[in-house]
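Peer 1:
Number of protein chains: 2
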Amino acid sequence: TTGTGTHLLETINNSDANIDDIGTYDDFHTIDWLREMSRNRLRHRQILYRKKESFFRTLKGLHDAWSGWLVVLLVGLAAVQTHILLKICIPYKCSPPGTCAGLIDIVTKWLTDVKLGTCSGKFWLNQESCCWNSHTAEPSGTGCSEWKTWATIFGVENSNTGLTYGVNYLLYIVSALIFASLAALLVKMFAPYACGSGIPEVKTILSGFIIRGYLGKWTLLIKSITAPLAVASNLSLGKEGPLVHIASCCGNIFAHLFPKYGKNEAKKREVLSAAAAAGVSVAFGAPVGGVLFSLEEVSYYFPMKTLWRSFFCALTAAFILRSINPFGNSHLVMFYVTYNKPWFLFELVPFALIGALGGLYGAAFIHANLAWCKFRKNSKLGNYPILEVVVVTFITAAASYPNPYTRIDASMMIAELVKECGPVMQNNLCDYTASVVNATFSVVKDPPVTPIGSGLRTALWQLALALLFKGIITVFTFGIKVMPLKACAVLISPFHVFPIPSYFENVPTGLFIPSMGVGAIMGRLIGVGVEQLVYNYPDCALWKTSCHAGHSCVTPGLYAMVGAAATLGGVTRMTVSLVVIMFELTGGLQYIVPLMAAAMFSKWVGDAFGNEGIYDGHIRLNGYPFLDNKEEFTHTTLATDVMRPRRGDQPLTVIEQEGMTVGDLEHLVRTTKYNGFPVITSHESQQLIGYLYRRDLILALENAHHNNEHVLSNSLVYFTLHAPTPSLGGANDPVPLRLFNIVDLSPITVTDHTPMEIVVEIFSKLGIKTSTVVKRSLKLLGIITKKDVLRHIAQLNKQDPDSILFN
Amino acid sequence: TTGTGTHLLETINNSDANIDDIGTYDDFHTIDWLREMSRNRLRHRQILYRKKESFFRTLKGLHDAWSGWLVVLLVGLAAVQTHILLKICIPYKCSPPGTCAGLIDIVTKWLTDVKLGTCSGKFWLNQESCCWNSHTAEPSGTGCSEWKTWATIFGVENSNTGLTYGVNYLLYIVSALIFASLAALLVKMFAPYACGSGIPEVKTILSGFIIRGYLGKWTLLIKSITAPLAVASNLSLGKEGPLVHIASCCGNIFAHLFPKYGKNEAKKREVLSAAAAAGVSVAFGAPVGGVLFSLEEVSYYFPMKTLWRSFFCALTAAFILRSINPFGNSHLVMFYVTYNKPWFLFELVPFALIGALGGLYGAAFIHANLAWCKFRKNSKLGNYPILEVVVVTFITAAASYPNPYTRIDASMMIAELVKECGPVMQNNLCDYTASVVNATFSVVKDPPVTPIGSGLRTALWQLALALLFKGIITVFTFGIKVMPLKACAVLISPFHVFPIPSYFENVPTGLFIPSMGVGAIMGRLIGVGVEQLVYNYPDCALWKTSCHAGHSCVTPGLYAMVGAAATLGGVTRMTVSLVVIMFELTGGLQYIVPLMAAAMFSKWVGDAFGNEGIYDGHIRLNGYPFLDNKEEFTHTTLATDVMRPRRGDQPLTVIEQEGMTVGDLEHLVRTTKYNGFPVITSHESQQLIGYLYRRDLILALENAHHNNEHVLSNSLVYFTLHAPTPSLGGANDPVPLRLFNIVDLSPITVTDHTPMEIVVEIFSKLGIKTSTVVKRSLKLLGIITKKDVLRHIAQLNKQDPDSILFN
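Going line by line, the protein sequences match chains A and B. Under the UniProt record's numbering, think of the first position of the first sequence as 1, with each following residue one higher. Under the UniProt record's numbering, think of the first position of the second sequence as 1, with each following residue one higher.
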C-alpha cells in the first residue's frame, strides 16, 4: 500500500518533488496573492538572517536585492527584440548612420513588399532599401527602376495593362494566402498559445491565473516568426498587441533565471507587468504611455515599486529601440508628426464628434466581434480553422488590392493620413485645386484654403471605401479560431503535455493598428469636411475670429490622429494610457486637449452601449476567472447567499484535525476536485483550525511516503502542533504523520452576514482565492485598531510608539 | 434624566442632528474606507431605485452621474487660480495677445521685484512690465531707465557707490523682513493651517485622516495671500508645494457643493486626489507628471476612475494655465528649454554621479531638517516662532543680496542655469574666452569648446557660494514653526473652534524650488567641469568618438536640469512622477534617459541612508496615523501580540446585545474614549455580534432622546433584530430602544494567530480602521472561492454563471 501516494501525482513526475514545491499551483488555477507575498517575505527574511553568515551569503543577499532591477533590464533589452542576440544588422539603407532594424520589423517590411514585387538581383531587399541607392528613384519614394512588380518579372508588363494588373493582383493574393496559411500552420503545429492578440490572456495571467506554457519559449519563438507573416498577409491586424505578449514571454523566461521571481507567482507578475509596459513602449515608442497602459489596462496588483521598475523597463526598451532606429527617423515613435498650426477652440466640436463616432464604432465592433466569436464557438465553423484563415485572407487580399489605401500596410496608411499637407507634399490627399500656386508656398508656412482637387476627391472616395471595408473585415479577423481541443493537443504533443482549451485563435492578431486605421480614415474624412466647411463659410461666427481670411486653420492630419485615438479608445476603453500614448506619438503637449476630448467622448459613448472593452469581452467569452477590480459590486446579497454548501447540498468536505489516516486523505484527494479543504477540530464542534491546499496535501503525502517507508495507508495524520511520539513498536507499524506546518492557520474568514460588496472588495483587494465563511458566533478575544498597527510598526522599527497620536 | 443625552454632544450643537449624521467622523480621526464605500454604494442604489419615480428623480440621477466630472472640472478651473473669479487681467505686457497673469503669479513677481526697486511713476508694475514698452531697455532685459533701484529713488545714486549699494542692500533686507513677518502674522492670526508645505498633511488626509478646516476656505484665502509674500521675502522656499495644498482646498470646497462627494469621506478623497494632480499640473505645467505625482506620492487609494478624472482635472488646469500664459512663453511649463545637442553615452557617468550626489544631499537634508524640527519642538525655540521667522529671513536676505544668483528669485535662477549657451547669450555663465569669435556663430549651431572666461570664473565662484548657502539655509527654512497650541487656539477663535495641534509651521513653505535650485547649481558646476575636461583631454577614449574635435558636445544646461531632478528626487524620493515632470519641463523625450539615470541613482543613494522622503519624515514627526502602503511589513509577529487588551490589562469595554440601559451606554461614552465598542451576546459567551462606532452611538442616543420623550435613562437598549414590543403601561414608563440598525454586523475579523504581515496588508489594502480579533474556534459554516464570487457576479449581471470555468 506504500505506493498509493505516487499515482496521485500524475501531473508531477519529478521524484525530487520536495517541500519546496509546497505552495506551487496547478495549471489553470488561480494563485493566492496574500500567500505568495507571505512566502516572499519569508524568503527575504531568511536571506537577511543568513546574510552575516558568510561573504557568499552577503553576495547572495546583494544579488537578491539587485535581481529586481537586473531582470527588468534584461526584459527591457529583450523586449525590443525577441531576438536581441540574433539581431541582424542588414547593411541596407545605411546612409543614416546606424540604421539597423530589428528582425521583426525588417521581416515584416520585406514580406509586405514582396507581395507587390521584388528587387531585381537583390531579392532580400525591401522596396525602400532597394531604391535607397538607386539614381532612378522617384522623389516621392514610390519606386525605382530596380524595384520590379511581379508582372514585370514575369514579362507581362507593357504588353497589356489589364494583364499586368491581373498578374500583380493574383500574385498579391497568392503571397498573402501563403503567408497567412504558413502563420496559421506554424501556430497550429508548434505553439497554439502563440495565436491571437494575447492581451486578454496576459491580463488574466497578471490577475493571478496560471496558464503554463502561455508565456513559454515556444510561444515566444513561434509568435515572433508568425507575427510578421500575419501582418504581411495583409489581414486586418497589427503586431502591436502581440508585442505585448512577446514581451511578457521574455519577462517570464527571464524571471525564471532568478528564483526570487521564478518561484513566486506574485513576484513573477511584477516582472510581467514591467514586460507588458516594455511591449507597448516598443510597439509605439511611448515609454510613459507603456507604463500607464500596463497600469491601467493589463496589470492587477501594481505596487509603486513595480511602477518604477516598469518605467525603467519601458525606458530601456525605448532607448534601445531608438538606438536601433527601425522607423528610420530620429524619433522613438511610429508615426512622428509635428503640426505647424495650432488648433482652435471651435474645433473641439468636431473632435468631440469624432470621439463619439469612435465610441460608437468601438461599441459596434465589440458586439459584432463577440457575437461572431460566440457563433464560431458554437457552430461547425470552429472545426475548420485553417479554412477560415484562408477564406478571410482571400477576401481581405482580393478586396484590398484595388484600393491604394488598403493595399499598403495599415501602419503606413495611418502614417500617411496623419501627415499635414505641407508645401512639398505631392500626393492625392493634398491635391487642392490651387496646386499651381503651391510652388510659391515654400516660404509661406500657412497655405490658403482652397477647394478640393480631383486627386483629393478620388482619395476621399477610396478612403470611404477603405473605411467601410476595414471596419467590417476587422470584426471577422480579430479572434480567428483554431482547431478544437483534442486535435490540437495531439498535434502539439511533443512540446506540450497539457490540455489546451478549445478557444485559442490561430493567427497572431493585434487590434491596435486596425482600429487606429479605421479611426484615422474617419478622422481624415471629417477633417477635410471641416476644412471645406470653413472654406465655404468663412464668415461663420464660430471660426471667424480664429481663422484669418483665406488661410487654412484646419489640419486634417490632426483629425486623423484624433480619429485614431477615438476608435482605439472605443474598442479598448483605455483612457489615460491612450491619451498619453497618442501624445507621445504626436510629440506635442498642445495636442493633448483634442486627444483628451476625443478619448472622453469615445469612452462615454462606448460605455453607454456596454461597459466592457474588447479584452474584457474576450476574457468573459473565454471564461477566465478575472475579478475586475475596476468595477464596483453594487448588489445587496450576503455571503450566505454565495457560499457553498447551499441548502440541501452535501456537507462541506473537510479534514479533521485528528483521527484521519493517510488512506482517508488519499481517498479524499482522489475522489474530490476541490482546491483545498478546511481543517476543523471535529465533526461535532465544526470549529475552524485552518485551510489546507490540495496541492500541498498531495505533495506532503508524496513526500512522506518517499522519505519514510513506515508511513502507511493506516498511519494517522495529525494536523496539530504536537503529534504523539511514534510508538517504538514493530518495525512495520504505521508511523503517525504530523502535517501541521502545511496548514494555513490564518485563512481569511468572513461571517455569513457580510455583504457581498465587502466580500468582493476583500477578494479583489487582497487577491485571495478562498475565504472561509463562519457563523457570527465567534468568541471575542480582542481588537486591533489602525493605531495599534502603526504603533506596533513603530516599535518594531525601534521608533517611539507614542509618536502615533491619532487613530 | 431625559437631558443627559444632550450634554454628551458638546461637539455637535446642531439640534437637527438626525440619522443622516450616522457614519460621520470626529476631527482627528481616521475614516473607514470600506464603510464609506458601502455607504456610497447604498446611496447610489437608492438613486437608481428611485430614478423611475419621476422626471425630477431621473434628472437627479443624471446630475449624480455627472457630478464626478463636474467637480473635477471646477477644481481644474479653480486650481489654476485660487481666485479664478477675481482673476485680474492687468493690461501690462500686452504685446503678446492675451497675456494676463493669475493673481499669485503677478503678485509674486511684483513683490519680488519691489525688493530691488520700483517703476518710476507706475509703482504697480514689476520690472519686466515696466521695461516692456521702454525704448531704453537693455537687450538682455536686465533693466531700463524707467526702472529705478531704491537707491536712485532716495537720491543717493551716483553720489557714492558704497552708499548706493548700502541703501539698496538695506531696503532689500527691510522689504524681505516686512513680507515675511506679514506672511507669518497673517497665517498666525487667521489660518494656522495655511502654514508649511501642506503636502505631508494632504497626504495624511488622503490616507483617510480627518483634519477639519485644514482644507477650508480660510486656509485657502490666507495661503493664497501669504504664499506670494513668503516667496517674495526671498526665504529659501517655493510656492509649488503650497499650490498642491491650495488646489486641495479648492477640491474640498467644491466637493461640498455635491452631496455625493461632500458627505462621503472616501468619495471626497477622490476629488482631493484629482485636485492634488491639478496643483502639480499648475505648478509645473506638467499634467501627466501631476497625475503621476498624485498617484505615486500623495494619494492612498487611487482607483482607475480617479486616475482618469485626475487626468482630466490636471489637463483642464494646464489648459487654462496655457490660456492665461503667466510664464509669458507659448509653452505650458515653467522653464521650458530645448537643447540643440544630443547627449552621449559617456555622459551617463557624470549624470549618475550627479544623481548620487543629489541622493546624498537629499539624505543629509532630510536628517538635518528632521533633527532641527525635533530640536525646535522640544526646546524653547518653539515658543518664539515669529522671532524665528524674522531671524531666518534676516540671515537669508543679508546673505543673499551680495550674490547675484541668490539675490534673484530661485525659479529665475534655475531658468538661467538650465539654459543652453547659444550664440547670442550674453551673460557670465556663457563667458568663454573665445567670445570674440562668437559673432560669427549666428549660423553655426555647434560652437567650438573654449576655455573658461573670466566672467564664467566669477559665475562659478558665485554659484559655489550660492550652493553652500542655499543648501544650508533650506534646512532651517523648511518647517519654520508657529506658536504653541493654546495661544494659537485663542488667537484664531473667531474662525476655528477646534484645537490645533502644536506642530504647524507658520510660513507657507514649499520645497520643490529650493531643492531644485541646489541641484541646478550643482549640476551646472559639474557640467562646466565635464565640458572643460572634454576640452582639455579631447583624445580620451570615452568621448573621442562622440565629440568631434574642437566642438562642444557637453551642454552644461542639461546637467543643471539633471541636477535639479537629482536633488528633488533625493529629498522627496519621488520616482516616476519626478522623471515625467522633468521630462515635461524639458519637453523632449530624448533627455528622459539622463533624467531617469539621475533619479535612479539619487533614489538608491538616498535610500541607503534612510528609507523615507521628507514628507514621510514630517508625517512621522507629527505623529499622523499614516499606514504606508508602499512599505512592506517584514516582521513575524502575530495578531495576538498587537491586540488589546494585553495580558494583565483591563478587559475590553464591550456592549452587550441585551440588558444594557440608556444610562449604562451614556456612562460608557462619558467614561471612555474608544472609537467604538464590540457588541457581544453576553459576558459569559463573549460571542461577537458586531461593532458599534462611538459617534454613531452618541448620535443614536441623542436622536432617541430628541424624538421620544419616553426614552429615559433606565430604558433598555436592544441590539437585536427583534426588540420586545413596548409595554403599554404607564405614560412615564421607559420605552425600550432598538439600535440594531447602527451596529456594523460584518466587522473585519482576524484570528489571534494571523501573522501581522497579513493584518497589515488587510489594514492598508482595505483601509479599515478597526479589526476585531477572535479566537481560532469558529464554527465553520461554508466557504467562498473566487470562482463562486465570479459566478455570483455573472448571475447577478444576468450572464451565464457556468461561463466561469476555472478557479
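Cβ atoms here follow ideal geometry from the backbone N, Cα and C, with glycine treated the same way. Fair warning: this is a prediction, and the values are worked out from it, not measured in the lab.
With 9 Å as the threshold, decide whether the Cβ of isoleucine 748/A is near any Cβ in chain B.
Peer 2: So, interface residue.
Peer 1: Helix, strand or coil: which one does DSSP assign to lysine 798/B?
Peer 2: It is coil, neither helix nor strand.
Peer 1: Measuring only between beta-carbons, confirm whether leucine 307/B sits less than 9 Å from chain D.
Peer 2: Going by chain labels, chain D is absent from the structure shown, which instead holds the protein chains A and B.
Peer 1: Quick check: what's the CA-CA separation for tyrosine 432/A versus threonine 396/A?
Peer 2: C-alpha separation (whole angstroms): 31 Å.
Peer 1: Just the C-alpha distance for isoleucine 246/A and lysine 260/A, rounded to the nearest angstrom, thanks.
Peer 2: Cα to Cα, isoleucine 246/A sits roughly 22 Å from lysine 260/A.
Peer 1: Assess contact between the stretch 459 to 466 of chain A and the stretch 515 to 533 of chain A, defined as three or more Cβ pairs (one per stretch) separated by less than 8 Å. Is contact present?
Peer 2: The stretch 459 to 466 of chain A, when compared against the stretch 515 to 533 of chain A, does touch it at the 8 Å Cβ threshold.
Peer 1: Run the CB neighbour count on histidine 63/A, radius 10 Å, all protein chains shown included, and call it buried at 16 or more, exposed below.
Peer 2: Exposed is the call here.
Peer 1: Cutting at 7 Å between CB atoms, please list the residues of its own chain near valine 735/A, excluding the five before and the five after it.
Peer 2: So the qualifying residues of the chain are Asn708, His710, Val711, Ser715 and Pro726.
Peer 1: Of all Cβ atoms in chain B, is any one closer than 9 Å to the Cβ of valine 72/A?
Peer 2: By this cut-off, valine 72/A is not an interface position.
Peer 1: So, is the C-beta of proline 303/A closer than 9 Å to a C-beta in chain B?
Peer 2: Yes, proline 303/A counts as interfacial toward chain B.
Peer 1: Provide the residue span of the alpha helix (DSSP H) that contains cysteine 249/B, from first to last.
Peer 2: Unbroken alpha helix (DSSP H) run through cysteine 249/B: 240 to 255.
Peer 1: Measure the alpha-carbon distance for lysine 798/B versus histidine 44/B and round it to whole angstroms.
Peer 2: Cα to Cα, lysine 798/B sits roughly 20 Å from histidine 44/B.
Peer 1: How would you list, in chain order, the residues of chain B whose beta-carbon sits under 8 Å from the beta-carbon of residue 820/A?
Peer 2: An answer regarding residue 820/A cannot be provided, because it is not within the stretch 1 to 807 covered by chain A.
Peer 1: Determine the closest residue to valine 679/A out of Met304/A, Cys195/A, Pro747/A and Leu737/A, with distance taken between C-alpha atoms.
Peer 2: The option with the nearest alpha carbon to valine 679/A is Pro747/A.
Peer 1: Output yes if chain A places a C-beta closer than 9 Å to the C-beta of valine 288/B; else output no.
Peer 2: Output row for valine 288/B: interface = yes.
Peer 1: Report yes if the C-beta distance between threonine 316/B and alanine 278/B is below 9 Å; otherwise report no.
Peer 2: Yes.
Peer 1: Less than 9 Å between the beta carbons of isoleucine 526/B and glycine 563/B, yes or no?
Peer 2: Cβ distance < 9 Å, so isoleucine 526/B and glycine 563/B count as in contact.
Peer 1: Scan the stretch 669 to 731 of chain B and note each continuous beta strand (DSSP E) run of 3 residues or more that stays entirely inside, going in chain order.
Peer 2: Here the runs fully enclosed are 676 to 680, 687 to 693 and 716 to 718.
Peer 1: In whole angstroms, what is the alpha-carbon distance linking valine 418/B and histidine 29/A?
Peer 2: Distance between the alpha carbons of valine 418/B and histidine 29/A is about 54 Å.
Peer 1: Using CA atoms only, rank isn't needed, just tell me which of Lys51/A, Ser38/A, Ile513/A and Ala352/A is closest to leucine 235/A.
Peer 2: Among Lys51/A, Ser38/A, Ile513/A and Ala352/A, the Cα nearest to that of leucine 235/A belongs to Ile513/A.
Peer 1: Buried or exposed for serine 140/B, please, with buried defined as at least 16 other CB atoms from any protein chain shown within 10 angstroms of its CB.
Peer 2: Unreliable positioning characterises serine 140/B in this predicted model, as indicated by a pLDDT of 44, which lies under 50. The coordinate reading is nonetheless provided below. With fewer than 16 other Cβ atoms within 10 Å, it is exposed.
Peer 1: Have a look at asparagine 264/A and histidine 683/B and give me their C-alpha separation to the nearest angstrom.
Peer 2: Roughly 45 Å separates the two Cα atoms.
Peer 1: Excluding sequence positions up to five away, which residues of its chain have a Cβ less than 8 Å from the Cβ of leucine 638/B?
Peer 2: If we look at leucine 638/B and ignore the five residues flanking it on each side, its Cβ neighbours are Asp752, His753, Thr754, Pro755 and Met756.
Peer 1: By a C-beta neighbour count over all protein chains shown, 10 Å radius and 16 as the cutoff for buried, is histidine 618/B buried or exposed?
Peer 2: With 16 or more other Cβ atoms within 10 Å, it is buried.
Peer 1: Should tryptophan 461/A go down as buried or exposed, given a rule of 16 or more other Cβ atoms within 10 Å for buried?
Peer 2: Exposed is the call here.
Peer 1: Just the chain B side, please: which residues come within less than 8 Å of leucine 665/A by C-beta, in chain order?
Peer 2: Simply none; closest approach about 18 Å.
Peer 1: Return the chain-ordered ranges of every alpha helix (DSSP H) run that is complete within the stretch 335 to 415 of chain A and spans a minimum of 4 residues.
Peer 2: The stretch 335 to 415 of chain A contains these whole alpha helix (DSSP H) runs: 348 to 378, 385 to 400 and 404 to 407.
Peer 1: Could you spell out the range, first to last residue, of the beta strand (DSSP E) harbouring lysine 148/B?
Peer 2: From DSSP, the beta strand (DSSP E) with lysine 148/B extends over 147 to 149.
Peer 1: Under 7 Å between beta-carbons, which chain A residues line up against lysine 765/B? List them in chain order, please.
Peer 2: Correct list: Lys765 and Leu766.
Peer 1: Take every Cβ of the stretch 570 to 585 of chain B, pair it with every Cβ of the stretch 596 to 613 of chain B, and state whether three or more of those distances are shorter than 8 Å.
Peer 2: Touching, yes.
Peer 1: Quick one: does leucine 739/B have its CB under 9 Å from some CB of chain A?
Peer 2: It does not: the Cβ of leucine 739/B has no partner Cβ on chain A nearer than 9 Å.
Peer 1: Determine, using beta carbons only, whether valine 662/A and isoleucine 698/A come nearer to each other than 9 Å.
Peer 2: Going by C-beta atoms, valine 662/A is not nearer than 9 Å to isoleucine 698/A.
Peer 1: Kindly give me the distance between the Cβ atoms of alanine 266/B and asparagine 40/B, rounded to whole angstroms, as I take these residues to be in contact under 8 Å.
Peer 2: Contact flag correct, Cβ pair sits at about 7 Å.
Peer 1: Would you verify that the beta carbon of leucine 237/B is, or is not, closer than 9 Å to some beta carbon of chain A?
Peer 2: No, because no Cβ of chain A sits closer than 9 Å to the Cβ of leucine 237/B.
Peer 1: In chain order, what residues of the stretch 570 to 595 of chain A put their CB closer than 8 Å to some CB of chain B?
Peer 2: The residues in question are Thr575, Val576, Val579, Val580, Phe583, Glu584, Gly587, Leu589, Gln590, Ile592 and Val593.
Peer 1: Please go through the stretch 214 to 243 of chain B and give each complete alpha helix (DSSP H) segment of 4 or more residues, from N-terminal end onward.
Peer 2: Entirely contained in the stretch 214 to 243 of chain B, the alpha helix (DSSP H) runs reaching 4 residues are, in chain order, 217 to 232.
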